[in-house]
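For reference, the structure is listed below as structure tokens.
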Amino acid sequence: MDRRTFFRRTLGMSALAGSYFALGTPRSLMAMPRVERAPAPIDLVAIRGGMPDMMFDRGIEALGGMKAFVRKGQKVVIKPNVGWDVAPERAGNTNPALIARIIRHCLDAGAKEVYVFDHTCDNWQRCYRTSGIEETVKAAGATMAPGNSEGYFQEVSIPGASVLKTTKEHELVLESDVFINVPVLKSHSSTRITVAMKNLMGNVWDRGFWHSNDLHLCIAEYAAFRKPTLTIVDAYAVMKRNGPRGVSVEDVVIMKAQLIATDMVAADAAAAKLFGLDPDNVRYIALAAERGVGRKDLENLNIKRIAL
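Positions 11 to 318 (this note's numbering) are the ones given, in order, by the sequence shown.
Written as structure tokens, this is what we have:
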């Protein structure tokens, strides 16, 4: 083939190709069904900028509403942090307005019973009253249950644990259909921060054993045993120093944030970031992730961010 013939044929093919694309997609391809990918499931919802109850409304909506977690006739147990005899503005306990709104969503979803409790550090009756949580729980239609007596706790075995092989856990948690963990993010003298996994210490009777036998490891081992249905981190007002009880309102920074997830390790990792810490520098978070309790690799998670 001489050069003239080669170029003539090449130009002819180019013209044919141009007319092909100018006509648009061939009918055979147009007839092929589109394959639409389902959206990736949301691993964590992070809400900023509103009041605690409003933030929860938007956050739980993003996860499909409370009916995605609570079915009609179920018994729901909510575990806030109510450990301290301090007023809400001190941020030592979970925000009462948030607890009230969670209760309302549970009842609207069809829950038969909703209970709220904590094994407090200060006097339980004063903690319940001063925190404002007892009043709002009753007003919202739920029951505020005590956790002040060993008789409310039953011994359970922790499979695979090397240190925390047994513990006594509150009977309400054992009997629940749905268990919702609602910690407040704050500083802690022993673990740098306390969030979801550490809040579970209020489920058990003998916390002293944890403090005397590698606190971080006990937190991680119990977390592997007791995984909440849902974790909601209250980071509206955050105690940045002198935790877990605090000294005054000067310890508190208003962050107006909230985190919601089914994975409490992811929730704790995100809370650590909010606090200004690398999750890897909070040992119980790293230990829990190593044990497969949840994920701390936030960069690989699908995080839904909402600004109010």
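Even glycine gets a Cβ: it sits at the ideal position worked out from N, Cα and C.
These numbers come from a predicted model, not from an experiment.
Reduced DSSP secondary structure (H/G/I, E/B, other) of residue i
{"i": "L240", "result": "strand"}
{"i": "K122", "result": "coil"}
{"i": "K82", "result": "coil"}
{"i": "A152", "result": "coil"}
{"i": "A72", "result": "helix"}
{"i": "M64", "result": "helix"}
{"i": "K89", "result": "strand"}
{"i": "V96", "result": "coil"}
{"i": "V214", "result": "strand"}
{"i": "S222", "result": "helix"}
{"i": "Q115", "result": "Correcting the residue identity first, residue 115 is His in this sequence and not Gln. If DSSP states are grouped into helix, strand and coil, H115 belongs with the helices."}
{"i": "R305", "result": "coil"}
{"i": "C228", "result": "helix"}
{"i": "D290", "result": "helix"}
{"i": "L319", "result": "Limits of the chain in this structure are 11 at one end and 318 at the other, which puts residue 319 out of reach."}
{"i": "P49", "result": "coil"}
{"i": "A107", "result": "helix"}
Residue range of the alpha helix (DSSP H) that includes residue i
{"i": "N191", "result": "N191 -> not in any alpha helix (DSSP H); beta strand (DSSP E) instead, spanning V188 to V192."}
{"i": "A281", "result": "M274 to F285"}
{"i": "T140", "result": "W134 to T140"}
{"i": "E300", "result": "R293 to E300"}
Bounding residues of the beta strand (DSSP E) (the contiguous stretch that carries residue i)
{"i": "T176", "result": "T176 to H180"}
{"i": "S167", "result": "F163 to S167"}
Beta-bridge pairing of residue i - partner residues as DSSP gives them
{"i": "H198", "result": "R202"}
{"i": "L348", "result": "It is not possible to answer for residue 348, since the shown part of the chain is limited to 11 through 318."}
{"i": "Y268", "result": "Here residue 268 is Gln; the residue named in the question, Tyr, does not match the sequence. Partner(s): I57 and D244."}
{"i": "M207", "result": "For M207, which the question treats as bridged, DSSP gives no partner whatsoever."}
{"i": "M249", "result": "K196 and V262"}
Cα-Cα separation between residue i and residue j, rounded to whole angstroms
{"i": "G302", "j": "A234", "result": "8 Å"}
{"i": "G59", "j": "M65", "result": "8 Å"}
{"i": "A171", "j": "V292", "result": "20 Å"}
{"i": "L318", "j": "F127", "result": "30 Å"}
{"i": "W134", "j": "V147", "result": "15 Å"}
{"i": "D278", "j": "N209", "result": "11 Å"}
{"i": "V124", "j": "I143", "result": "14 Å"}
{"i": "L174", "j": "L297", "result": "14 Å"}
{"i": "T239", "j": "D216", "result": "24 Å"}
Please determine if the region 234–253 and the region 103–119 are in contact, where contact requires at least 3 C-beta pairs separated by less than 8 Å. Using a Cβ-Cβ distance cut-off of 8 Å, the region 234–253 and the region 103–119 are in contact, since at least three pairs of beta carbons, one from each stretch, lie closer than that value.
Quick check: the region 262–269 against the region 216–230, are there 3 or more CB pairs under 8 Å? Counting C-beta pairs with one atom in each stretch, the region 262–269 and the region 216–230 have fewer than three that are closer than 8 Å, which means they do not touch.
Under 8 Å, with one C-beta from each stretch per pair, do the region 81–98 and the region 179–191 reach the 3-pair mark? Yes, since at least three Cβ pairs between the region 81–98 and the region 179–191 fall closer than 8 Å, the two stretches touch.
Would you call the region 157–165 and the region 175–182 touching, i.e. three or more CB-CB distances under 8 Å? Short answer: they touch.
Counting Cβ pairs closer than 8 Å, one from the region 212–224 and one from the region 138–154, do we hit at least three? With fewer than three CB-CB distances shorter than 8 Å, the region 212–224 does not count as touching the region 138–154.
Are at least three pairs of beta-carbons, each pair with one atom in the region 88–101 and one in the region 198–213, less than 8 Å apart? In this structure the region 88–101 lies against the region 198–213, because at least three pairs of beta carbons, one per stretch, are closer than 8 Å.
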